[in-house]
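Peer 1:
Chains as they are written, first to last, in the working numbering: chain A, 139 to 438; chain B, 9 to 294.
1. Kindly say whether residue 327/A, judged by its beta-carbon, lies nearer than 8 Å to any beta-carbon of chain B.
2. So what does DSSP say about residue 185/B, is it helix, strand or coil?
3. Hey, is the segment 145-153 of chain B in contact with the segment 244-258 of chain A, meaning 3+ C-beta pairs nearer than 8 Å?
4. Applying the 10 Å Cβ sphere with the 16-neighbour rule, what's the burial state of residue 325/A?
5. Pick from 251/A, 407/A, 283/A and 367/A: whose alpha carbon is nearest that of residue 114/B?
6. Tell me, please, which residues DSSP counts as bridged to residue 262/A.
7. Quick one: does residue 142/A have its CB under 8 Å from some CB of chain B?
8. Would you list the residues sitting across from residue 146/A in a DSSP beta bridge?
9. Chain A beta carbons: is any one of them nearer than 8 Å to that of residue 294/B?
10. Taking buried to mean at least 16 other C-beta atoms within 10 Å of its own C-beta, is residue 212/B buried or exposed?
11. If contact means a Cβ-Cβ distance below 7 Å, which residues of the segment 107-128 of chain B contact chain A?
12. Output, in chain order, the set of chain A residues within a Cβ distance shorter than 7 Å of residue 11/B.
13. Can you give me, in chain order, the residues of the segment 264-282 of chain B that have a beta carbon less than 9 Å from any beta carbon in chain A?
14. Give every residue of the same chain whose Cβ lies closer than 6 Å to the Cβ of residue 153/B, excluding the five residues on either side of it in the sequence, and list them in chain order.
15. Please identify, using Cβ separations under 7 Å, the residues of the segment 18-32 of chain B that lie next to chain A, in order along the chain.
16. Are any of the Cβ atoms in chain A nearer than 8 Å to that of residue 14/B?
17. Chain B beta carbons: is any one of them nearer than 8 Å to that of residue 256/A?
18. What number of angstroms, rounded off, separates the C-alpha of residue 101/B from the C-alpha of residue 118/B?
19. Run through DSSP, which three-state label would residue 205/A get?
20. In or out: residue 414/A buried (at least 16 other Cβ within 10 Å) or exposed?
21. What does residue 190/A reach in chain B if we use C-beta pairs closer than 8 Å?
22. Which of the three DSSP states, helix, strand or coil, is assigned to residue 30/B?
23. CB-CB under 7 Å to residue 315/A, same chain, minus the five flanking residues each way: which ones, in chain order?
24. Relative to the alpha-carbon of residue 163/B, which residue among 34/B, 266/B and 27/B has its alpha-carbon at the smallest distance?
25. Measure from the C-beta of residue 193/A to each C-beta in chain B and report whether the shortest distance is under 8 Å.
26. Should the segment 9-27 of chain B be regarded as contacting the segment 124-131 of chain B, the criterion being three or more beta carbon pairs within less than 8 Å?
27. For residue 288/A, I'd like the list of residues in its chain whose CB is within less than 8 Å of its CB, leaving aside the five on either flank, ordered along the chain.
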């Protein structure tokens, strides 16, 4: 079975501006891949090339084995644009009927009801788009992207207008899609969301993939904090298996131990490292080799 | 092609739901009412127009009827142009800028089908509109004068063809221009065509061959004008003598008949505009 998405040496230029440069990315069937990067990194351009809205300047993208933009590729994918709009006069169900016709879906009313149910809009099926909140429109956009049971789902900031409940609903929906073998490329600024649901993450910066891998692989060990009577002591490079030895040394030195905490970097820190951003908490890692004594009252 | 049919149906439903047709029908009824009133008043005085003047074999009723029919044709084309432009001015770039187009274009229907669907919808609406308004003006003039034009169907078909050309031009413009710029350009082209028609009349009146050639070239470059002129000519094709000459020299007369070559050129023109629009749309990043 071909990859749901295979991108190799992909490039896009707008005049002198390089939007994408030699980008490679694979998404396997049933895999959920997050696309991260600062504004202008090329995330939306990549997604638009995959769904045929933008023509690449170099390289190629295949959707389920078919060239991106071809009829076969478009038949295999569902897409939610970052900035989209449905006609205000249309009712929720009419939007889905239109997309069923354009997709050639024979799911009929049952498919529409199931999709609206999944995004919690079944009660609003007869409501006009212009009478919907932004969040409802975004959920309708997700339902629209799922019309015709796509094998690859491209979601460009799908939760930007959603409240926490809506975001959770989308996370659960994505997990159900993964179980059904649907591949998802999720473009989001919400790192915590990506960390929660994605199998893999690709970080773009300046049009290039600067880091890629499982979220657990991208984050790294951040040391150990041991709370003693004198305050919190940090061992920046210590790993989990070194904790018993460190505790034993401290006890042998007459320290009283009140707590031990393993530190790991977050995906946000990994992201900022990858894109060259500054961390707010750089001071926490000033001494690479030794412990730093922090007065007890300042320990958090 | 089924995708084009879906898009055409969608565009028509949009016009219905946005109450475009309600507004158009109400304003058109208002126009026809005013036209009927003006026509009735004109023919009330047509008798005075002939009495006391030594103008030989002038058929005053025929002259006035032809002028009113020409006015009706001009108004019909103008209203159809307004309709055509507003139905299509933002079909591609305008809808893309508003985010309406992207969810449709990523579907398997294809960009050319989308253009074809939009053209079919707008051209069908304009054709039906032109047919109804043209028929209305014929009936009004007939009611007031007892006259029918020399040719009834031909001028109507010419107007329908002219409106289809304008739809094609507006759709082509929508690929390359923003909605506002496209509307301005299309109306300016419409105006340029009308000026060419008037230049043609002036050229005929003063016998200026070069001016006539320029006007003719413009009307071929903008074939909605050539079709309109052909329609005007067909209205009074059988008028001869002094009356015929007066009609041709008037603002709503034309000495230029159409013919199969013009019809063929109009069809080729629409196809060329469509091909250029499809080419431009296919290359456009959205």
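We put the beta carbon where it would ideally sit given N, CA and C, even for glycine.
Peer 2: Let me spell this out:
1. Walking along the first chain from the start, residue 327/A turns up at place 189. Not an interface residue.
2. One-based indexing of the second chain puts residue 185/B at position 177. Three-state result, residue 185/B: coil.
3. no
4. For this step, residue 325/A is matched to residue 187 along the first chain. Buried: at least 16 other Cβ atoms inside 10 Å.
5. If you number the second chain from 1, residue 114/B lands on position 106. Residue 114/B has its Cα closest to that of 283/A, out of 251/A, 407/A, 283/A and 367/A.
6. Numbered from 1 along the first chain, position 124 holds the residue referred to as residue 262/A. Its beta-bridge partners do not exist; DSSP assigns none.
7. Within the first chain, residue 142/A is the residue found at index 4, counting from 1. Answer no: the Cβ-Cβ gap between residue 142/A and chain B never drops below 8 Å.
8. What you label residue 146/A is simply residue 8 of the first chain in a count that begins at 1. According to DSSP, residue 146/A bridges with 198/A.
9. Along the second chain, one-based indexing puts residue 294/B at 286. True, the Cβ-Cβ gap to chain A drops below 8 Å.
10. Stepping through the second chain from its first residue, residue 212/B is reached at position 204. Buried.
11. 107, 108, 110, 111, 112, 113, 114, 115, 116, 117 and 118
12. Numbered from its first residue, the second chain carries residue 11/B at position 3. Within 7 Å Cβ-Cβ: 240.
13. none
14. Within the second chain, numbered from 1, the residue matching residue 153/B stands at position 145. Correct list, in chain order: 51, 69 and 73.
15. 18, 22, 25 and 26
16. Start at 1 with the first residue of the second chain, and residue 14/B comes out as number 6. Answer yes: the Cβ-Cβ gap between residue 14/B and chain A drops below 8 Å somewhere.
17. Start at 1 with the first residue of the first chain, and residue 256/A comes out as number 118. Chain B, which has no Cβ nearer than 8 Å to the Cβ of residue 256/A, makes this no.
18. Position 93 of the second chain holds residue 101/B. Position 110 of the second chain holds residue 118/B. One C-alpha to the other measures close to 16 Å.
19. Indexing the first chain from 1 puts residue 205/A at position 67. It is a strand residue.
20. Along the first chain, read from residue 1 onward, the residue named residue 414/A stands at position 276. Counting Cβ neighbours within 10 Å, residue 414/A comes out exposed, since fewer than 16 surround it.
21. Counting from one through the first chain, the residue named residue 190/A turns up at place 52. Within chain B, the residues near residue 190/A are 113 and 114.
22. As a working note, residue 30/B is residue 22 in the second chain. Correct three-state label for residue 30/B: helix.
23. The sequence position of residue 315/A within the first chain is 177, counting from 1. If we look at residue 315/A and ignore the five residues flanking it on each side, its Cβ neighbours are 291 and 322.
24. Position 155 of the second chain, counting from 1, holds the residue named residue 163/B. For residue 163/B, the nearest C-alpha among the options comes from 266/B.
25. Looking up residue 193/A in the first chain gives position 55. Output row for residue 193/A: interface = yes.
26. yes
27. Numbered from its first residue, the first chain carries residue 288/A at position 150. Correct list, in chain order: 214, 215, 216 and 320.
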